[in-house]
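Comments concern the structure below.
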Amino acid sequence: MVILKTTGLTRQFGGLTALSDVSIEVNEREIVGVIGPNGAGKSTFTNVIAGVYLPTAGKIEFCGRDITMAAAHEKCHAGISRTFQLMRPLAGLNLIENVMLGAMFGRNFSLAESRQKSMELCTFLNIGNVERPISSMTALEIKKMEIARALATEPKLLFLDEVMAGLNKDETLEMMDTVRKIHSQGMTIVIIEHVMRVIRELTHRVVVLEWGKVLCEGLYDHVSSDQRVITAYLGEEAEC
Ligand SMILES: Nc1ncnc2c1ncn2[C@@H]1O[C@H](COP(=O)(O)OP(=O)(O)O)[C@@H](O)[C@H]1O
Ligand SMILES: [Mg+2]
0 MVILKTTGLT
10 RQFGGLTALS
20 DVSIEVNERE
30 IVGVIGPNGA
40 GKSTFTNVIA
50 GVYLPTAGKI
60 EFCGRDITMA
70 AAHEKCHAGI
80 SRTFQLMRPL
90 AGLNLIENVM
100 LGAMFGRNFS
110 LAESRQKSME
120 LCTFLNIGNV
130 ERPISSMTAL
140 EIKKMEIARA
150 LATEPKLLFL
160 DEVMAGLNKD
170 ETLEMMDTVR
180 KIHSQGMTIV
190 IIEHVMRVIR
200 ELTHRVVVLE
210 WGKVLCEGLY
220 DHVSSDQRVI
230 TAYLGEEAEC
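Here is the structure:
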């Protein structure tokens, strides 16, 4: 079953078309990879779906509902959640309080319910010592906290925007296991990633963006052997 469908999705910033006529579908329980060079529109795609920006043109359907012009909090309540490419912890709050924000604002849970839910998520994602300040956490832990915060909104669809960026090889492998674990609970995931090993091993299908447009899409083996993708992107990327 299709959970997310975009039709002709377009977003301009002044004279720049960051996303241009993007029509894709994501099926329930799928892990879809989004790759492409820097500036290709990957984060803009996430931002438009999640409601940070409204599209200039096109349509977004989620679970059969037209949510094109819904605000970010409405899209969150509908079941779309995401992490940010540039980590966004609230430094004045500790680990568990950051996670609780997702449950409180995403689901209107009470303080006690939010704490309970957040504790469960931290255990699930293997992040201990939950009263720690953010300043004492590693990049991997902060990224996991951001995933926990996104999951605390109880999404049906999770966008992960470059969660492996800045992680070393062991941390990347741990994060890959984390993504597998979340998927095994039934989650549908869109993962934006530069590390090709992550795309190859985790995704069911890959969409390649270039200059805001879909350059190619399909199975990893199909897109990774497409000459246009090699020229536009893969030629310059290192393997993990
Ligand atoms: N808020 C914004 N205002 C103006 N230009 C933006 C904004 N967000 C993104 N862009 C531009 O849109 C293009 C796509 O950016 P982005 O979606 O971040 O690419 P990617 O995530 O693939 O690296 C880039 O040229 C970027 O500079
Ligand atoms: Mg980006």
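Take the sequence shown: its position 97, counted from the start at 1, is 96 in numbering that gives the first Met the number 0, and no numbers get skipped. We put the beta carbon where it would ideally sit given N, CA and C, even for glycine. Keep in mind it's a predicted model, so treat the numbers as computed, not measured.
N37 has its Cβ nearer than 7 Å to a heavy atom of ligand 1. When DSSP reads this structure, D160 sits in a beta bridge with I191.
Sequence-distant partners of A70 (beyond 5 residues in either direction) whose C-beta falls short of 6 Å from its own C-beta, in its chain, are G50. Boundaries of the beta strand (DSSP E) around E24: 15-26.
In this structure, D20 places its C-beta atom within 8 Å of the C-beta atom of K212. Selection I198, D220, L124, H221 evaluated against Q184 yields L124 as nearest (Cα-Cα). Looking at V207, Y52, E173, A77, the one whose alpha-carbon comes closest to that of E153 is A77. Relative to K74, the option among G165, A151, V98, G105 whose CA is nearest is G105. For R204, the uninterrupted beta strand (DSSP E) run begins and ends at 204-209, by DSSP. Sixteen is the threshold: since fewer than 16 other Cβ atoms of the shown chains lie within 10 Å of the Cβ of E130, the residue is exposed. In the DSSP assignment, S80 is bridged to L157. Annotation: R148 to M68 spans about 24 Å, alpha carbon to alpha carbon. The C-beta distance from L208 to V33 rounds to 6 Å, short enough to meet the 8 Å contact threshold.
Taking 7 Å as the cut-off, the C-beta of T43 counts as close to a heavy atom of ligand 1.
According to the DSSP assignment, E216 belongs to the beta strand (DSSP E) that extends over 212-217. Where V1 is concerned, the enclosing beta strand (DSSP E) starts and stops at 1-12.
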